[in-house]
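Here's the structure, in structure tokens; my notes come after.
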Amino acid sequence: MNSRWTVVVDRDDLARTEVLHDRLPELSELSDCEVLLRVHRVGLTANNVTYGVIGDQFGYWDFFPAGGPRQGVIPLWGFADVIGSTVDALPAGTRVYGYLPMASHLVVRARLTSAGFADTADHRADLPAAYNSYLVTGGDPAYDPDLEDLQVLYRPLFLTSFLLADQLVDNGFHGARTVVISSASSKTAFGTAQCLRGSGVRLVGLTSPRNVEFTTGLGLYDTVLPHDAAVDVEPSVYLDFSGSQEVRSALHDRLGADLVADISVGLTHQAAPSDPRTEFFSAPRRLRERTADWGSDGLARRFGEAWRDFTAQARDRVAIAEHRGPDELVAVWRAVLRGEASPGTADVITF
């Protein structure tokens, strides 16, 4: 009997995990429009920890329900192959990229789109469309089979970087001459910095003391400082990737009226802004705006160009650590959860 496995975590203690096994459905058991995917390659970063930390508040546990009460499945980005299908346009062997569970397999109810398909399963009906969409690699202008490791690690984060940088440029940097970026060693932060290179503003990266050398070595920032260092007083935009109220307060105190915009990205979305200069960046909203402006094909083309520029550099910036199977997946999950990941190393798991 063919079986499948799923890693579930305790929602109240994310380090507690369990590997569940059950029977793999036969092709004859698939309903109309259902497709059986075999998960092949996924990336695991601190971004996935965020899904667990805010899973109850933002509905991340709802994508892949499994396990008992207060158990859940952490979403991952990666590649999967169709191994069974009731959809003629998605035959066995089709490779797709998208939002996947910590599991060996996934059954989706596919509605075809111009780029691939969307999962229309009832439990995902009210969840963000961007997370329900899957790209068929054969028609994806950003896909390169030699860069799959970088795609599972960086692509979902780089899309945020691309859209954030685009919004800043579109708004003329709010009149600022400097962009200050916290957690500058993080993947989304330095992806944003790369998108902003050559745009005419000075880029200042703030990071932890132990990451100053790595962040400087990226060659993306004009200046790299520890988070508690004093920045130059000049008209500046602050991009907050750290969520640190201490860092934010220090910048507000030092820059005063020269802090023209304070843009929060990530976990800081949980708090309401207390300063009129503070705004929350919404990647889904910007994605909708640019889809309306450029069309889906135009957006895909522009993103594909930026993505190729990014990956050409990223290959030299990160060492890929390869892992296999559910046991190593669990070990990596716990290591990332403990904050042991190095900014210069990234974890990819294959099944």
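Under the numbering used here, think of the first position of the sequence shown as 9, with each following residue one higher.
Backbone N, C-alpha and C define an ideal beta-carbon position, used for all residues, glycine too.
What you are looking at is a predicted structure, and each value in this text was computed from that prediction instead of being measured.
query	result
Spatial distance of residue 227 from residue 119 (CA atoms)	43 Å
Residues near residue 215 by beta carbon distance below 6 Å, same chain, minus five either side	192, 193, 223
Chain-order list of residues whose beta-carbon lies under 6 Å from that of residue 142 (same chain, five-residue window excluded)	104, 106, 124, 125
Candidates 25, 62, 19, 14: closest to residue 31 by CA position	14
Nearest neighbour of residue 164, chosen from 74, 85, 232, 238 [CA to CA]	85
Beta-carbon proximity check, residue 185 vs residue 209, cutoff 9 Å	yes
Environment of residue 81 [buried if 16+ CB atoms lie within 10 Å]	buried
Residue of 334, 352, 359, 354 minimising C-alpha distance to residue 25	334
In chain order, each alpha helix (DSSP H) run of at least 4 residues that lies wholly inside the stretch 45–93	54–61, 63–66
Burial state of residue 217 (16 or more Cβ within 10 Å)	exposed
Span separating the alpha-carbon of residue 45 from that of residue 35	11 Å
Whole-number beta carbon distance between residue 47 and residue 113, since they are thought to touch under 8 Å	6 Å
Where residue 169 falls: helix, strand or coil (DSSP)	helix
Secondary structure of residue 29, DSSP reduced to three states	strand
4 or more residues per run - each alpha helix (DSSP H) lying fully within the stretch 128–207	137–140, 156–178, 195–204
Residue 2 (DSSP reduced to helix, strand or coil)	The shown model of the chain, from 9 to 359, leaves out residue 2, and the question about it has no answer.
Spatial distance of residue 257 from residue 300 (CA atoms)	36 Å
Contact under 9 Å by Cβ, residue 29 with residue 70	no
Range of the contiguous beta strand (DSSP E) that encloses residue 106	103–109
CA-to-CA distance, residue 202 to residue 139, given in whole angstroms	25 Å
Residue 268 in three-state terms, based on DSSP	strand
Bounding residues of the beta strand (DSSP E) (the contiguous stretch that carries residue 331)	327–332
Residue 198 beta carbon less than 9 Å from that of residue 156	no
Spatially closest choice to residue 49 from 154, 96, 128, by CA coordinates	154
With 16 other Cβ atoms within 10 Å as the buried cut-off, status of residue 200	buried
Alpha carbon of residue 79 to alpha carbon of residue 311, nearest angstrom	36 Å
Rounded separation between residue 145 and residue 102 - CA only	8 Å
Continuous beta strand (DSSP E) stretch holding residue 237: start and end	Taken as a continuous stretch (DSSP letters only), residue 237 belongs to no beta strand (DSSP E), as it is neither H nor E.
Span separating the alpha-carbon of residue 211 from that of residue 319	20 Å
Simplified DSSP state of residue 95, which is helix, strand or coil	coil
Whole-Å CB distance - residue 250 paired with residue 207, under 8 Å assumed	Not confirmed; about 22 Å, so no contact.
Residues near residue 220 in its chain [Cβ-Cβ closer than 8 Å; skip 5 each side]	232, 233, 234
Pairwise C-alpha distance: residue 349 and residue 336	15 Å
Same chain, Cβ closer than 7 Å to residue 23, five either side skipped, listed in chain order	342, 345
Backbone secondary structure at residue 323 - three-state DSSP	coil
Residue 90 and residue 33 closer than 9 Å at C-beta	no
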